[in-house]
Structures are given as structure tokens and as C-alpha cells.
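Peer 1: Chains as they are written, first to last, in the working numbering: chain A, 994 to 1352; chain B, 994 to 1352. We put the beta carbon where it would ideally sit given N, CA and C, even for glycine. Just so we're clear, the structure is a prediction, and the values are computed from it rather than from any experiment.
Number of protein chains: 2
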Amino acid sequence: MKILKLLLLSSITTCSLFATASLIEEAKKAGLKPIPSDKKELNKLIDPKGVITTKRVELGKRLYFDPRVSKSGLISCNWCHNLGLGGVDGVPKAIGHKWSPNPHYLNSPTVYNAVFFKRQFWNGRSATLEDQAQGPIQAGVEMAMDHKVLAKRINSIPAYVEEFKKAYGKDTKISLKTIANVIATFERTLVTPSRYDDFLNGDEKALSKKEKKGLKIFIEKGCVTCHNDIALGGSLKPFELNSKYKFRDVGDFVANNKLIKVPTLRNITETAPYFHNGQFWDLKKAIKEMGKVQVGYKVKGDKVDNSLSVKIMPISLTDNDVDNILAFFKSLKGRKPTIIYPQLPESSLTTPRPITDSK
Amino acid sequence: MKILKLLLLSSITTCSLFATASLIEEAKKAGLKPIPSDKKELNKLIDPKGVITTKRVELGKRLYFDPRVSKSGLISCNWCHNLGLGGVDGVPKAIGHKWSPNPHYLNSPTVYNAVFFKRQFWNGRSATLEDQAQGPIQAGVEMAMDHKVLAKRINSIPAYVEEFKKAYGKDTKISLKTIANVIATFERTLVTPSRYDDFLNGDEKALSKKEKKGLKIFIEKGCVTCHNDIALGGSLKPFELNSKYKFRDVGDFVANNKLIKVPTLRNITETAPYFHNGQFWDLKKAIKEMGKVQVGYKVKGDKVDNSLSVKIMPISLTDNDVDNILAFFKSLKGRKPTIIYPQLPESSLTTPRPITDSK
Chain A
994 MKILKLLLLS
1004 SITTCSLFAT
1014 ASLIEEAKKA
1024 GLKPIPSDKK
1034 ELNKLIDPKG
1044 VITTKRVELG
1054 KRLYFDPRVS
1064 KSGLISCNWC
1074 HNLGLGGVDG
1084 VPKAIGHKWS
1094 PNPHYLNSPT
1104 VYNAVFFKRQ
1114 FWNGRSATLE
1124 DQAQGPIQAG
1134 VEMAMDHKVL
1144 AKRINSIPAY
1154 VEEFKKAYGK
1164 DTKISLKTIA
1174 NVIATFERTL
1184 VTPSRYDDFL
1194 NGDEKALSKK
1204 EKKGLKIFIE
1214 KGCVTCHNDI
1224 ALGGSLKPFE
1234 LNSKYKFRDV
1244 GDFVANNKLI
1254 KVPTLRNITE
1264 TAPYFHNGQF
1274 WDLKKAIKEM
1284 GKVQVGYKVK
1294 GDKVDNSLSV
1304 KIMPISLTDN
1314 DVDNILAFFK
1324 SLKGRKPTII
1334 YPQLPESSLT
1344 TPRPITDSK
Chain B
994 MKILKLLLLS
1004 SITTCSLFAT
1014 ASLIEEAKKA
1024 GLKPIPSDKK
1034 ELNKLIDPKG
1044 VITTKRVELG
1054 KRLYFDPRVS
1064 KSGLISCNWC
1074 HNLGLGGVDG
1084 VPKAIGHKWS
1094 PNPHYLNSPT
1104 VYNAVFFKRQ
1114 FWNGRSATLE
1124 DQAQGPIQAG
1134 VEMAMDHKVL
1144 AKRINSIPAY
1154 VEEFKKAYGK
1164 DTKISLKTIA
1174 NVIATFERTL
1184 VTPSRYDDFL
1194 NGDEKALSKK
1204 EKKGLKIFIE
1214 KGCVTCHNDI
1224 ALGGSLKPFE
1234 LNSKYKFRDV
1244 GDFVANNKLI
1254 KVPTLRNITE
1264 TAPYFHNGQF
1274 WDLKKAIKEM
1284 GKVQVGYKVK
1294 GDKVDNSLSV
1304 KIMPISLTDN
1314 DVDNILAFFK
1324 SLKGRKPTII
1334 YPQLPESSLT
1344 TPRPITDSK
């Protein structure tokens, strides 16, 4: 009797192990990739050009949290991309200088794991974090900062000048470009491995049965067509604009051949509201809606110019499907890097003063 | 010859030690007090009612950094009282909800060492940090939060409910009052001992010769009449309103018998611009101006009702005096507590949504 039990148990275990192992295979075949657990391997991905050093990350962190990067002296990168709130601001459309709403009704995307995105900005107009970081600083509705004033401000703060020298050598120049570069270097470190990664990295017990079921449905229903690779998103894909979707302003996307950067699903439970215009607060509803309007088309590759002719074929997700997918999404909540809130260096008498443009 | 040298040296040393020791005595006699180096002694001062626990400080820190405490979901306590910028926002007048400037042109005071203030707010209308913290949350030009919505929002975030229970017991209620209380508990820990404290605590080498000279002038010229006690400020004193000062709006102060809370001088080099309306950016000029219009009156005590009849007698400070006082002020830059930027708990579907009131 004992032997029978043991045999039975062993056979069940083998079976379940086999199923799990094959789910890992299936996920990888479908284009899903974990954040590598191996530090060297991870480093190759987040720092292909070898720009990361401790000094630069520390300086970049300071500038990321420093509101003096903005015209008003009040808006830091962390204002829209709050590292305590999943890397977002939690409002439907971003609010910037003088309380300006984003004119395209765009929702702030998360900065966490953005290093894994193939494109930055909703319309994908930047290829790198370094390029991206120059945008919001200068945008009139975001930080509204003139690049000359920015350079003057940071150059007027002795401790920053010193830190730039220590991080980049004596002859370094402080400009919009080098400021954006070092902020981006800090952002490259903002990766959040989760239980999902542990699972794909071989820890078969890292996901519950329900979470695994969710992952399976996610793959089989075709969500993975767009939400793939390490970021479960981050590349440009076609977006249904003509039918039931009421975009109040789709300016950029129309101009961009109706392609949109697929948002990452990592830490998704922390980053409501959802979609590029923040119109959905309920993640379940967002999943269901995506099924209706987005899932199922056949991609012709990842390039901008040949993606317009794809056909979007709605599928339907049952409440049970959505439930399981949601369970899977919860496993994408990652372990955040520990961030010591920086002490920012003092301004000097030559520092260009903040201009709030208030009444 | 050697013996003579030694004798000479020893006599010089004794002399200088004696002078230093007497400066410490002089400072204490004049009403200056250090942040105690003894932890128990410090604890009695910052926590007379024994409210501080690790769990409460951690919860208070979260709420301090959580912008969801405001109507818009965008403005945290740290927006105006930035712990990376000396506990202030660095702009002349505070900017709040919908980019509203403070209607009385008031500058945000620092939160660092505010636990040592006898009064909170510029007009001193609060006696405690607990009471103070309720103000900005509700003020229409600051966080603009309705207290019922606030309670609903925090109660709708499961992890906050859990943390409140752990910090205050199972039956605790989450309300504006308890939220303000726990934020204030965190603020009680924001003390920044400096070299000046080390000096007053007996380390005679903690200040340079110039800094000591500055301290001596600071005492002798009478700055210490208002800038005294641990905070070098923090109590109500008369403020010259009639002559050369052009206050654009002194509403509160007039209503308050022309009494104003003396700002702390701790971390003063980090908290430009100066004065209640942020009209001075240059600390040297601010020191000189204070000499002209403020210093030298005789106090009749610290009470509100008997301070109106005092006479303000301008004195003049030479450039050399100002220089030495500035050197002394630099020694007031304190060691900030290490703050790990908090991961804030997720909102739920019942969380009242942020209302930005944007166009």
C-alpha cells in the first residue's frame, strides 16, 4: 500500500513537473523572456555600452529626484514617474508645468523596466532612454525647461559639477545631453525581477497553479503577440483606432502610421489607470477590452512600415479567462531596487532661479 | 628653549581652550541649546508622549511621500517640504493644487527640526506637528483634500489599513486626525544634528575659529534674542511691518498681533529663498537686512499678549560681521536621517480617484 502511494505520488510529481517544464518552454517559444537571474547576463542587457558605474547611478538618481531640472524648480522626473507608485503618477493624463494636462491625453508610462523597451514614448519616437530623457525636460506641458537654462542651473551648483567630473572625467561638459544621459544611466538600473521571472528561470514552484493557468491562457489567446519579450511589451504594434475606441486625441499615433508602443505588463497592478489615455481603472475590464479589440491579429514583423496591413481579429475572453490572466498579472509585481532618497546639493547665488509662472 | 616653547604652547592651548569653553557657556546662557547627543535625552524632547514606534514612523513616512493624500493624487507633503532640499521647495511662495500660489505669498518652512518649534505655521496657529499636518492637506491652495475623501481613500487601500492596525491596534480608525498624527510621528524623527551641536555638546574642535567668531557676534549683536533654543527659532516674536518692508500681503500676521514664528536657522544654507515671503535669495543680504530691521529689541518674554509693546532697535552689521555669521550658519548644516524611498501600497477599485481639476 505504501509503495503504491509512493509510486502514485512520484508519477503525479513527474507529471506536474513535466507540465510545468513544458509551460516554461511554451512561454519561451511564444517570445516571453525572463529578466536574467545571472548578474552578468542582466548587465549585458541593461548596459550594452558599459556606461553604468556607481558614481553615475548615484548622480543620475540625484538628478532624477531633483525638481530644479524643471523651469519651476518643482517638477522632478519622479513627479510623473514616481518610483514609489510603480513608476507612474496614477492619474489618467500627465500633469506638468503650470498644471498643464498632456494635450494628447496621454498617460505617463512606467520607468521601471523601461530599459527593456525597444522604443520609448507612446509613439515610439525615441530608441533609447538617453534620447527619451531629453523630451519631458523641454516639453512645455511637462518640465518646460530651456536647455540653456538647465545647463546653467546644474553648472552653477558646485557639488553637481564635482560629481559630473568624478563620474565622467575632468573635461566633461554639463549639458542637456549629458544630464539626460546620466539620468538614463540611473533608469537603466530600475529593473524589477518578479516571481514570473523566477519561474521562467527554472523555479517551477514560483507560480501557483492558477497563475500558471493564466500564463497559459495569455499565451494561447494571443496576448503574447504584442506583450512579449522581457518587458511583456515595449515595441511598436498596430492599434485599433477606427471602431469602438473613443480617443479624444490620437494625434501622434495617426501621424505614426497608427502604431503604438505596447505598454509593459510588469507591475501592472500598481500602474492604474490603464491604456495610453488612462481610460480604464479596472484591470479586469482592461484585459477583457483588450481581448475584444486587440488580440488575435497576425503580425508581419516588428517593423514600422509593414505593420499597417495586419488584420485585427477580436476574440472573446470568458470571465474565468480574465480571472486567471489577472492572477498571472499579479505575479509580475517585481522586487524594486532599494532607493535611498538623495540629499540634493545646494544651489548657489548664480543658480538661475525657479520660475513658476504662477499668478 | 624647548621647555620655553612647550610652556608657551601649553599656555596658548589653555587659553584657547578656556576661551572656547567660555563661548559654550556664553551660548548656553544666551538661550542656545544643542540637539542632545544622548539618545534618551533626545527622545524625551522629540517624543514626550511616547508615540514613536518603528511601525508608526514607517507608516508615517509612506503617507508623507504619498501624493494620494491630496485631491489630485499628485501633491505629497514632500512636494513643499522636500527632504532632499533641506525640507523646503526652494521657491519664494508655495505652489499647490492647480498650481495655486499661496495667497499670502508665504514661503514653505522646513520640516527638518520642526519638532523643536514651539509653534507651527508662520503665524504660529498650531502648537503641535500633529495639529499642523491637518492644515495643508485640507487647504484649497495646497492639497485641497476633503477630509472624508481622504479617510475613504486611505481606508480603501488594504495595505494601509493593515499597517494602521499593526501600528495602533486592531480598533484604530483611519481619519484625517490619525493620518495627520502618524505623519507627524514621522516628522518628529526629522532632526539634523550638526557640527554646531557637537560644539555645544562639548567637542570644542567641532567649530573653526571663524565659525566661533561668527557665533560670538551672533550672540553679542542680539540675533539670539529671537533665534534661540534648540531650533534657533521656532517661537513667536514681533516682526517689523510698518517701515521699509514691503509685504504684499501680511493678512495672517496683522490678525495675529504682528507676531510671526521665527524661522529656524538650521540647514539655512539649503533653504533659500529667505524670509516668510521668500524675498531674499542671498543669505548674506538676508543677514544684513535682519540686522537693520529686526535685531536689538528687548523682549518681555515669550508670550503672545505682552510682546506688542517691545521696541525694535536696528543695529548695523559690518560686512565682516556678516561674513563671520555666515561662516557660523554653515556649521548649522545638519546630518540628515537616511530615508529609504518608500514603496507605496496599491490602490483598490474602491479607492476614490484622483481629481486633478485640470482643463
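Exposed or buried, Leu1342 (chain A), counting other C-beta atoms within 10 Å across all chains shown (16 or more means buried)?
Peer 2: It counts as exposed.
Peer 1: So, at 6 Å on beta carbons, what are the nonlocal neighbours of Phe1058 (chain B) in its own chain, with the 5 sequence-adjacent residues on each side left out?
Peer 2: Cβ within range, chain order: Ser1069, Asn1071 and Pro1335.
Peer 1: Chain A beta carbons: is any one of them nearer than 8 Å to that of Asp1242 (chain B)?
Peer 2: Model confidence at Asp1242 (chain B) stands at a pLDDT of 45, short of 50, so the residue's coordinates are unreliable; what they give is reported in the following sentence. Taking Cβ atoms only, chain A never reaches closer than 8 Å to Asp1242 (chain B), which makes this a no.
Peer 1: Alpha carbons only, please: which of A:Gly1077, A:Ser1119 and A:Ser1340 is nearest the one belonging to Gly1227 (chain A)?
Peer 2: Residue A:Ser1119 is the option with its Cα nearest to Gly1227 (chain A).
Peer 1: Is there at least one Cβ from chain A nearer than 8 Å to Lys1091 (chain B)'s Cβ?
Peer 2: Lys1091 (chain B) counts as touching chain A.
Peer 1: Mind pulling the chain B residues with CB within less than 9 Å of Asp1190 (chain A)?
Peer 2: Those do not exist, as Asp1190 (chain A) stays about 18 Å from chain B at its closest Cβ, beyond 9 Å.
Peer 1: Quick check: what's the CA-CA separation for Gly1024 (chain A) versus Cys1216 (chain A)?
Peer 2: Rounded to whole angstroms, Gly1024 (chain A) to Cys1216 (chain A) spans 11 Å at the Cα level.
Peer 1: Exposed or buried, which one is Asp1275 (chain B) when buried takes at least 16 other CB atoms within 10 Å?
Peer 2: Exposed is the call here.
Peer 1: In the DSSP output, what is Leu1229 (chain B) paired with across the bridge?
Peer 2: For Leu1229 (chain B), which the question treats as bridged, DSSP gives the partners B:Lys1254.
Peer 1: Evaluate Asp1312 (chain B) with the Cβ neighbour count: other Cβ atoms within 10 Å of its Cβ, from every protein chain shown; 16 or more gives buried, anything less gives exposed.
Peer 2: Flag for Asp1312 (chain B) reads exposed.
Peer 1: Anything in chain B within Cβ reach of Gly1077 (chain A), meaning under 7 Å, just list it in chain order.
Peer 2: The contacting residues are Phe1058, Tyr1334, Pro1335, Gln1336 and Leu1337.
Peer 1: Could you give the C-beta distance for Glu1204 (chain A) and Phe1321 (chain A), rounded to a whole number, given that I count them as a contact under 8 Å?
Peer 2: 5 Å between Cβ atoms; contact.
Peer 1: Decide yes or no for the touch test of the segment 1165–1178 of chain A against the segment 1119–1131 of chain A: beta carbon pairs closer than 8 Å, at least 3 of them.
Peer 2: They touch, by the three-pair rule.
Peer 1: Less than 8 Å between the beta carbons of Lys1086 (chain A) and Ala1160 (chain A), yes or no?
Peer 2: Not closer than 8 Å, so no.
Peer 1: Under the assumption that Thr1257 (chain A) contacts Asn1106 (chain A) (Cβ atoms under 8 Å), give the Cβ distance between them as a whole number of angstroms.
Peer 2: Contact flag correct, Cβ pair sits at about 6 Å.
Peer 1: With burial defined as no fewer than 16 other Cβ atoms inside 10 Å of the residue's Cβ, what is the status of Gly1195 (chain A): buried or exposed?
Peer 2: Exposed, by the Cβ-count rule.
Peer 1: Measuring alpha carbon to alpha carbon, tell me which residue in B:Ile1348, B:Ala1177 and B:Lys1141 is nearest Val1044 (chain B).
Peer 2: Out of B:Ile1348, B:Ala1177 and B:Lys1141, B:Ala1177 has the C-alpha closest to the C-alpha of Val1044 (chain B).
Peer 1: In the DSSP assignment, find the alpha helix (DSSP H) that holds Met1136 (chain A) and state where it starts and stops.
Peer 2: It is not in any alpha helix (DSSP H) - Met1136 (chain A) carries neither H nor E in the DSSP assignment.
Peer 1: Could you tell me the alpha carbon to alpha carbon distance between Pro1266 (chain B) and Glu1339 (chain A), rounded to whole angstroms?
Peer 2: Answer to the nearest angstrom: the Cα atoms are 12 Å apart.
Peer 1: Check the DSSP bridge columns for Ser1187 (chain B) and list the partner residues they point to.
Peer 2: B:Gly1327.
Peer 1: Does DSSP classify Thr1102 (chain B) as helix, strand or coil?
Peer 2: For the record, residue 1102 (chain B) in the displayed sequence is Pro; it is not Thr. Correct three-state label for Pro1102 (chain B): coil.
Peer 1: Spatial neighbours of His1140 (chain B) within its chain, please: C-beta separation below 7 Å, excluding the five flanking residues on both sides.
Peer 2: Counting only Cβ-Cβ distances below 7 Å, and skipping sequence neighbours, we find Gln1131 and Leu1169.
Peer 1: Using only CA atoms, which one of B:Ser1030, B:Val1062 and B:Glu1282 lies nearest to Tyr1348 (chain B)?
Peer 2: The residue you asked about is not Tyr; residue 1348 (chain B) is Ile in the sequence shown. Taking only the C-alpha atoms, the option nearest Ile1348 (chain B) is B:Val1062.
Peer 1: So who's on the other strand from Gly1089 (chain B), going by DSSP bridges?
Peer 2: According to DSSP, Gly1089 (chain B) bridges with B:Ser1093.
Peer 1: Classify Asp1350 (chain A): buried if its beta carbon has 16 or more other beta carbons within 10 angstroms, exposed otherwise.
Peer 2: Asp1350 (chain A) is exposed by the Cβ-count criterion.
Peer 1: Listed from N- to C-terminal order along the chain, which residues in the segment 1019–1035 of chain A have their beta-carbon within a distance smaller than 8 Å of any beta-carbon of chain B?
Peer 2: Flagged: no residues at all.
Peer 1: Assign Leu1001 (chain A) to one of two classes, buried (16 or more other C-beta atoms within 10 Å of its C-beta) or exposed (fewer than that).
Peer 2: A caution first: Leu1001 (chain A) carries a pLDDT of 46, below 50, which makes its placement in the model unreliable, though a value can still be read off. Leu1001 (chain A) is exposed by the Cβ-count criterion.
Peer 1: Please report the Cβ distance between Lys1214 (chain A) and Met1136 (chain A), rounded to the nearest whole angstrom; I am assuming they are in contact, meaning their Cβ atoms lie under 8 Å.
Peer 2: Between Met1136 (chain A) and Lys1214 (chain A) the Cβ distance is about 40 Å, and since that is not below 8 Å, they are no contact.
Peer 1: With the cut-off set at 8 Å, would you say Ser1309 (chain B) and Lys1277 (chain B) are in Cβ contact?
Peer 2: No, the Cβ-Cβ distance between Ser1309 (chain B) and Lys1277 (chain B) is not below 8 Å.
Peer 1: Once DSSP output is grouped into helix, strand and coil, what is the label at Val1084 (chain A)?
Peer 2: Val1084 (chain A) falls in the coil class under three-state DSSP.
Peer 1: If you count every other CB in all the chains shown that lies within 10 Å of the CB of Val1142 (chain A), and 16 or more means buried, which is it?
Peer 2: Val1142 (chain A) comes out exposed.
Peer 1: Could you check how far apart the C-beta atoms of Pro1029 (chain B) and Leu1016 (chain B) are, in whole angstroms? I think they sit under 8 Å.
Peer 2: Not a contact, Cβ separation roughly 19 Å.
Peer 1: Helix or strand or just coil, what does DSSP make of Tyr1267 (chain B)?
Peer 2: Strand at Tyr1267 (chain B).
Peer 1: Measuring CA to CA, which of A:Lys1202, A:Asn1260 and A:Gly1053 is closest to Pro1102 (chain A)?
Peer 2: Comparing Cα positions, the closest option is A:Asn1260.
Peer 1: Against chain A, does Glu1263 (chain B) count as a neighbour if the rule is that its beta carbon must be under 8 Å from one of theirs?
Peer 2: Answer yes: the Cβ-Cβ gap between Glu1263 (chain B) and chain A drops below 8 Å somewhere.
Peer 1: Helix, strand or coil, according to DSSP, for Glu1114 (chain A) in the structure here?
Peer 2: This sequence places Phe at residue 1114 (chain A); Glu is not what is there. Three-state result, Phe1114 (chain A): coil.
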